[in-house]
Structure formats: C-alpha cells, structure tokens
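The sequence shown begins at 6 in the working numbering and counts up one residue at a time. C-beta: ideal position from N, C-alpha, C; glycine also. Quick caveat: nothing in here was measured; it's all calculated off a predicted structure.
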Amino acid sequence: MICCLNPNCAQPINPDTAQICQSCGASLVFSLRGRYRPIKLIGRGGFGRTYLAQDSDRLNTYCVLKQFAPQAQGTKSLSKAIQLFQQEAERLHELGEHPQIPALMAYFEQDQYLYLVQQMIEGKTLLQEMRRQGTLDEAGARSLLEDLLPVLKFIHERNIIHRDITPSNIIRRRIDGKLVLIDFGVAKQFSDAILHEPGTRIGTEGYAPIEQLRGGQAYPSSDLYSLAATCLHLLTGVKPERLYSPLEGRWLWRETLQQNNLKVSPQLGNVLDRLVKDLMSERYISAQAVLDDLRGLPSLEGAVPGWIRQHPEGKISTSSPPSGPVSRPDVSSRPIQPFSQPSSQPSGQPFSQPSSQPPSQPLSQPTSTSTRRGTSQPPISQRPSAPPRTGWRCIRTLTGHSSWVTTVAFNPKTSTLVSGSLDDTIRVWNLSTSTQLYQLAGHARGVNHVAISPTGQVLASCGDDDTVKIWNLTSGELLHTLKAHMRDVNSVAIAANSSLLASGSDDRTVKLWKLDQGTLIRSLAGTAGMIKSVVITPDERFLVSGGLDNKVRYWNLQQGEMVRVFSGHFNSVNQVAIAPSGKLIASASKDKTVRLWSVASGSLIHTLSGHAQEVSSVAIAPDSVTIISGSRDGSVKIWDAQTGMLKHTLAEHSGTVTAVAIHRSSQYVASASADKTIKIWQNA
Numbered sequence: 006m007i008c009c010l011n012p013n014c015a016q017p018i019n020p021d022t023a024q025i026c027q028s029c030g031a032s033l034v035f036s037l038r039g040r041y042r043p044i045k046l047i048g049r050g051g052f053g054r055t056y057l058a059q060d061s062d063r064l065n066t067y068c069v070l071k072q073f074a075p076q077a078q079g080t081k082s083l084s085k086a087i088q089l090f091q092q093e094a095e096r097l098h099e100l101g102e103h104p105q106i107p108a109l110m111a112y113f114e115q116d117q118y119l120y121l122v123q124q125m126i127e128g129k130t131l132l133q134e135m136r137r138q139g140t141l142d143e144a145g146a147r148s149l150l151e152d153l154l155p156v157l158k159f160i161h162e163r164n165i166i167h168r169d170i171t172p173s174n175i176i177r178r179r180i181d182g183k184l185v186l187i188d189f190g191v192a193k194q195f196s197d198a199i200l201h202e203p204g205t206r207i208g209t210e211g212y213a214p215i216e217q218l219r220g221g222q223a224y225p226s227s228d229l230y231s232l233a234a235t236c237l238h239l240l241t242g243v244k245p246e247r248l249y250s251p252l253e254g255r256w257l258w259r260e261t262l263q264q265n266n267l268k269v270s271p272q273l274g275n276v277l278d279r280l281v282k283d284l285m286s287e288r289y290i291s292a293q294a295v296l297d298d299l300r301g302l303p304s305l306e307g308a309v310p311g312w313i314r315q316h317p318e319g320k321i322s323t324s325s326p327p328s329g330p331v332s333r334p335d336v337s338s339r340p341i342q343p344f345s346q347p348s349s350q351p352s353g354q355p356f357s358q359p360s361s362q363p364p365s366q367p368l369s370q371p372t373s374t375s376t377r378r379g380t381s382q383p384p385i386s387q388r389p390s391a392p393p394r395t396g397w398r399c400i401r402t403l404t405g406h407s408s409w410v411t412t413v414a415f416n417p418k419t420s421t422l423v424s425g426s427l428d429d430t431i432r433v434w435n436l437s438t439s440t441q442l443y444q445l446a447g448h449a450r451g452v453n454h455v456a457i458s459p460t461g462q463v464l465a466s467c468g469d470d471d472t473v474k475i476w477n478l479t480s481g482e483l484l485h486t487l488k489a490h491m492r493d494v495n496s497v498a499i500a501a502n503s504s505l506l507a508s509g510s511d512d513r514t515v516k517l518w519k520l521d522q523g524t525l526i527r528s529l530a531g532t533a534g535m536i537k538s539v540v541i542t543p544d545e546r547f548l549v550s551g552g553l554d555n556k557v558r559y560w561n562l563q564q565g566e567m568v569r570v571f572s573g574h575f576n577s578v579n580q581v582a583i584a585p586s587g588k589l590i591a592s593a594s595k596d597k598t599v600r601l602w603s604v605a606s607g608s609l610i611h612t613l614s615g616h617a618q619e620v621s622s623v624a625i626a627p628d629s630v631t632i633i634s635g636s637r638d639g640s641v642k643i644w645d646a647q648t649g650m651l652k653h654t655l656a657e658h659s660g661t662v663t664a665v666a667i668h669r670s671s672q673y674v675a676s677a678s679a680d681k682t683i684k685i686w687q688n689a
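See the structure below:
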C-alpha cells in the first residue's frame, strides 16, 4: 500500500500499482528523499498529518513520518517557516539524546511541505494499558511521576515545552518497560512565532491548563499540569474534563476515588492538587520541585506499581467503564412493568401485561448538565408549554452512564434495551427488572449510535474513534472492528435480512458492509456535508441519509447512486427515519422542525413545528402514524403523522434529548439525554 501525502485527502490509502490517488487525484509520492515510503495514516491534526513509513536505507524498518503544511494555516511565508522548522528540528535532535524521547532521524522540506522522521517506539500507550488492565494504584501513580518528571526536567532545561502530555502520548516501550514521551511535533515548538492566528491553540482539552487553551501560551508548569491531569485520569479512569466542576470551581477526583472505593495518601493528593491549580503562581515551578516533594513522601512498604482491576477491551465489563467512575447503575427499587410479549415471540421469555402502576420518579436530578467534549451548555431556561398528557408517563429513569447518553435501541426479540454514551461504553439493560445486565467496553472515544439486527443477536455500534464495531449481543463478544472511515462515525443501520450494514461519517461518506464478515462492499460519496444519520428501507433496496448539507438523500443500494434529494430544511439534518411501510420519511433538523416526506412523490407532507430548539432525534412507530421526536429543549414530543398535529409533550429531562426509540408494541418509548439518564415512557 502507498499513502497519499495530500494533507486534505479524505481516503489516502492506495494500492501499490496506483500512480494517482484514487480519492483526491493527487500524484502519489512513493519515496520521500529517496528512502521514506509512507504506507499508513496514523494521526492528524490542525497542523498536518502523521504517517507510518518504511526506511529503505535501513532494511525497510518502520519509522514515524510527520508532515507540516504551514501554507495551509494562513501563516507567514514558507521561507520563514522553513527557517524556524530547521532551528527547532535541531533542538528536537538534541532531545533525542534522552533515552525516553524518540530520536529524530531526519528533517527536510519537499514539495512545499515540511517533514521530520522520528524513531518508532513499539509498545502500548498508557491509555491502551488502562483500557485493558484498569486504573493505576498509588504506587503506579508515583512510579509514573518519578519516571517522567526527569524527562520534563530535561526538555525544560532546553527551553522546550511539550504542550500535549496525555495518556495517549506516553508509551511503555515493549523492549524494556520504560515510559517514553512521544509526539514532540515541531509545529508545537514554533506555533507562537508563525501560527499566531485567532482560534489557534495547542493541547488537548481536559489535560491542558487554562493559559494554554485561552491564550496559546505554555510554560514548564503547563506541562506539569498536563502530567498531573494524566495521572488523575489513570488513577480514576475518568477523563479530566469530567473530574472538574466549573460550577464549584474545583476538582472532584477525590470524590470519584471514594465512590470507587479507591484512595491515595493525603501526601500524594496534596502534590497532585498543587500541580493542577488554575493559577500558575500556585503551581510547582519546576519538575525538580515536584521530585523533591515526592521523595519526601512516606514509603509504600512492599507496594508494587501496577493496575488495580481488569476490564479487557472488547469484552463484557461488569465493573466501571474505562473512562467513567465505578458505580452500580442507579435504579429505583421498584421494577419496571414488564413489556407485553407479542404473539410471534418465541416462548421461554416471561412477560406480563403492563399494569396501572403509578409512574416512578427519577432517583436524583443532576446538579449540572454534562456536555460533549467538556464544553458548557447553558441551562434550559424555558421549555414550550406542554399540552395536557392523558396517556404517556415516565415509568422509569435508568442511570449509570457517566456522560451524555447518545443513543438507545430496543432489542426486537427480548425485553432488553441497549444504550451508548460519550463515556465510551455501551450498556445492556434488562427492562423487566430495571437492572444493567452488562456493559461493552471497546470504543476508544464516545459512542454515537447503536443498531440491533432484526434477529436481536447482533449489535452494531459506532463512535468518535472513527470505527464501527460489531458485537454478539448474546455473549458480548466483539466480532469485528471496521476501520475504513477517516473521521467520526455518527450512524449505523442494519438491513431487515441482517446481512447488510450501513454507516455514515463525518468524512462525508456512507459505507456498506457485509455484516457477518465485516468486509466493505462499497462507499457512497457525493454529499456536500458530513453524514449524521443513515437508515435502510424495509425492502433493503434503498438507503436514506441526512447531514450537514441540510438535505435528505435517497440512494439506490444496488447501483450505489443517489436517486432523489429532499430539500426544505434550513439547517443541518440530525437524524432520519423511515416508516415500516417504506412510504414515509421523517427528518429531524437543527432548524427546530421535523419534516415528513412522501417517498413515492418526493413531496413534503407536513412540517412539525413546536420544539424551542434544534430537533436532535426522530423515530416512527410500527403503525407508521405516530412520530416521536427529541430536542435540545429537553422535551420528547409525540405527533400524528396523518394530521401533523402535536399530541403529547414529555418534559422531564434536564438536558438535551439526544435520542429516542420506540418499542415494537408502540406502547413504550425510550429517550436518552445529556443529563446522563435514560427514561422509559409508557402509553397507559
């Protein structure tokens, strides 16, 4: 394989025989400087891309090739960029003398792009280790600090700031077990000089201190802050942005440890607290000062640094998710009313008819709304007045996720519900007992959507880690990980015969897969915006997609061609749904409306208006008449598709309603929310 070096190419992988990139049309470069052959894209960011390459002068050994494209950033002249690049590359070459920093092998300019070549470190990142082995104990945290603080001292004495210390940028070298600090991108070293553009910043949210995120300024204490935030993540299993309360203006990592029955000594806690102070003047001024305090801590007699609990990636985890606190799902003591069993359901699964039991109330209300990627969301100050509710009521609130719940799906064959969250986990719930059965840990970033096969045995999930995962829903086994998308995957759909899987992504493509084999069949491209939602028609001949180009598109799956475009929304389409009859399409939009379309004529049937903010989700009941919508205004609305009239408004969530699903009986609705809860509604 050969990798296209166009920094804007969406699908850079090409066969060895190609001369022109099959994705973007750029000429392929088979060898930089006559020796470095790019073979795989392994990272990307605002300043360029990182590739895995082979060095032909060293028996095709692997190396890391980093590309920097200053002309793409609206910066000063290329000649100035090259001059600064060379100066800073020389400094990075000096850093490579340290055994815990990758060696810089070469740096050069070619075809108006800047490149550096670094030693490839074989091993696992600390994030990968935590996902497989669990959180660090105190001895492990001390060992981490004592191992990396001398590295920071070394680079700071040479006037270089790393600026992006995270668990993903620390590798435990396979050959000797030493921790190695990676990702010393040259762009970071001279960004202030040539990349001082509005909105430009270096660092990862949650790990970077406020001076770095707001002003782009970084100092030795900024790196120390990031190292401590990394340590807190590895101790608690919770991402730093979720360990800090902006309302209280303080860190909550101690409470998280207590909740999980974990602890560290007060002395180490004081060191960590000082490292993550907001004010630079209150932090340690140097790595040596931290080392001095660590060496004064009481010794841990007989302690061996290590990880505390096991939750292998891709397996059922009955304990905490890798990035969330350990806690048993919080449910009320009274069980949910069991769902009635349809006559076609196989025997052996006991169900009973719903009773007239009063609705249960949520056990607790969050004090603040968790938000995606750590950004704040204003409280819901006003909701539209709800018409009287004569039938629908909340009968259960399920809690347990530690961040936004982004997706829910009823299993068509059992009384279970599947949910996905930005806490990176998938949870399976028993609706007859209101308990969590198990959770699936495998996604490296937030889960955006799940879909269950008509057989009820296979689950597809997708997330911000650019992957689609296929699971055995009975055993919890991870069957396949599909990696053809280049950006976040937002939606998945499974065909009625359970053989075809579709996925839609921010890379502006829809991909079709063989569900049983996990192999790619074809890609559907041609949209002007990111794909937010896909659904396959009941006859399996067509696919409906919606996204940021404000349009709903109708695709012929056999030909791989777009056959119709439904236009009318004034803002992006967040979700699409198709009626079981195949005759009606519903689309939910950021323009605060749901629109109903005729598949046969392509005409607009109704515009459903009533939500106060963008509509994030929509579902159509099995009767093809009832429409369910969820919105950022915190409400779930139930509509009549025939008249376009609003029938009910359900307003008990305290945050954005991110997803809705309707049970096969049409008597139950599930709603997921940014308030970290799932609510089950019954039409009594």
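| Under the rule that 16 or more other beta-carbon atoms within 10 Å means buried, what is Ser676, buried or exposed? | buried
| How long is the line joining the alpha carbons of Gly461 and Asp470, rounded to whole angstroms? | Roughly 25 Å separates the two Cα atoms.
| field | For Glu566: DSSP bridge partner residues | value | Asn561
| message | With H, G and I counted as helix, E and B as strand and the rest as coil, what does DSSP make of Ala689? | response | coil
| Are the Cβ atoms of Thr261 and Val281 separated by less than 8 Å? | no
| message | Just list the residues that DSSP pairs Cys8 with in beta bridges. | response | Bridge partners of Cys8: Ile18.
| field | Gln124 versus Ile106 - alpha carbon distance | value | 9 Å
| task | Compute the distance between the beta-carbons of Thr140 and Leu240, then report whether it is under 8 Å. | result | A contact, by the Cβ cut-off of 8 Å.
| query | What are the partner residues of Arg42, as DSSP defines its beta bridges? | reply | Gln59
| message | Using C-beta distances below 6 Å, list every residue in its chain close to Lys684, excluding the 5 sequence neighbours before and after it, in chain order. | response | When the five nearest sequence neighbours on each side are left out, the beta carbons in the same chain lying within less than 6 Å of the beta carbon of Lys684 are those of Cys399, Thr402 and Ser676, in order along the chain.
| said: I'd like the list of long-range same chain contacts for Lys537, defined as Cβ closer than 8 Å, with 5 residues on each side in sequence excluded. | reply: Asn495, Ser496, Gly509, Gly551, Gly552, Leu553, Ser577, Val578, Asn579 and Gln580
| Cα-Cα separation between Ser586 and Cys9, rounded to whole angstroms | 44 Å
| request: On a CA-only basis, which of Arg38, Gly523 and Tyr118 is nearest Ser763? Give me that one, please. | output: This structure gives no information on residue 763, because the portion of the chain shown stretches from 6 to 689.
| message | Rounded to the nearest angstrom, what separates Val410 and Leu427 at their Cα positions? | response | Answer to the nearest angstrom: the Cα atoms are 7 Å apart.
| query | In chain order, what residues of the same chain lie with their CB nearer than 7 Å to the CB of Leu525, ignoring the 5 residues before and after it? | reply | Within the same chain, Cβ atoms closer than 7 Å to the Cβ of Leu525 are found at Ala489, Lys516 and Trp518, the five residues on either side in sequence being excluded.
| task | Determine, using beta carbons only, whether Arg255 and Phe415 come nearer to each other than 8 Å. | result | no
| Roughly how many whole angstroms lie between the Cα atoms of Leu506 and Ser528? | 12 Å
| request: Kindly indicate which three-state DSSP category Gln217 falls into: helix, strand or coil? | output: helix
| said: Cutting at 6 Å between CB atoms, please list the residues of its own chain near Pro330, excluding the five before and the five after it. | reply: For Pro330, the pLDDT reaches just 29, beneath the cut-off of 50, and the residue's location in the model is therefore unreliable, leaving the point undetermined.
| request: Name the one or two DSSP bridge partners that Arg432 has. | output: Ser424 and Gln444
| Coarse secondary structure for Trp256, derived from DSSP in three states | strand
| query | For Ser629 versus Val662, is the C-beta spacing smaller than 8 Å? | reply | No, these two residues do not count as a Cβ contact at 8 Å.
| query | Grouping DSSP H, G and I as helix and E and B as strand, with all else coil, what is Gly552? | reply | For Gly552, the three-state secondary structure derived from DSSP is strand.
| Same chain, Cβ closer than 6 Å to Pro214, neighbours up to 5 away in sequence not counted | Ser227 and Tyr230
| What residue range is occupied by the uninterrupted alpha helix (DSSP H) comprising Leu690? | Residue coverage of the chain in this structure runs from 6 to 689, which leaves residue 690 outside it and unanswerable.
| task | Classify Leu252 as buried or exposed, calling it buried when 16 or more other Cβ atoms lie within 10 Å of its own Cβ. | result | exposed
| field | Contiguous beta strand (DSSP E) assignments of at least 3 residues, all confined to the stretch 153 to 191 | value | For the stretch 153 to 191, the full-length beta strand (DSSP E) segments reaching 3 residues or more read 175 to 178 and 184 to 186 along the chain.
| request: Output the distance between the C-alpha atoms of Val423 and Val413, rounded to the nearest integer angstrom. | output: 6 Å
| request: Along the alpha helix (DSSP H) that carries Gln72, what are the first and last residues, could you check? | output: That residue, Gln72, is in no alpha helix (DSSP H); its beta strand (DSSP E) goes Thr66 to Phe73.
| query | How is Asp645 classed by DSSP in three states: helix, strand or coil? | reply | strand
| Can you tell me where the beta strand (DSSP E) with Glu134 in it begins and where it stops? | It is not in any beta strand (DSSP E) - Glu134 instead sits in the alpha helix (DSSP H) that spans Leu131 to Gln138.
| said: Using only the alpha-carbon positions, how far apart do Pro245 and Gln444 sit? | reply: 22 Å
| Simplified DSSP assignment, three categories, for Glu114 | strand
| query | What residues are listed by DSSP as bridge partners for Ala498? | reply | Ala507
| Beta-carbon proximity list for Pro172, same chain, < 8 Å, skipping 5 on both sides | Thr130, Leu131, Leu132, Met135, Thr235, His238 and Leu239
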